[in-house]
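Per numbering that gives the first Met the number 0, the very first residue in the sequence shown carries number 0; after that it's consecutive. Just so you know, even glycine gets a beta-carbon here, dropped at the ideal spot from N, CA and C. Following: one structure in structure tokens, then a few remarks.
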Amino acid sequence: MEVDGQFAGRVGVLHPADWPEPELAWGLARPFWGRGLATEAAAAVRDWAFARFGWPGLFSFIMADNVRSRRVAEKLGAVREGTVTLRGFVADRWVHPAPGRGVVV
């Protein structure tokens, strides 16, 4: 994503071979925080991913102290369901339910 020629951030589906599930991931440069950009972009990618792949759920792995990302997940309707260890780090596992399907655990 680029705004006025500056790199603002990234959003997409991340699924490395060692990830347990496909992750809806986002990150913004600090000057772009607080504008709703992460929520808007992540919602668009989430909707596209569900329509394109038909997954029953999509997940976000968020460090417990990352308050801003937790807020984005909440705004997207995700629900925190435990934790997961990824590459030696423990992250909260947030579940984004597919439209009309409810939360998949």
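For P30, the closest alpha carbon among the candidates D46, D3 and R92 is that of D3. Assignment of alpha helix (DSSP H) within the region 12-93, counting only whole runs of 4 or more residues, yields 36-52 and 66-74 in chain order.
Under the three-pair Cβ rule at 8 Å, the region 78-92 does not count as touching the region 39-53.
A Cβ-Cβ separation of about 6 Å places A7 in contact with A28 under the 8 Å criterion. If you draw a straight line from the Cα of A43 to the Cα of G76, it is about 13 Å long.
Note that the C-beta distance between R70 and D17 is not below 9 Å.
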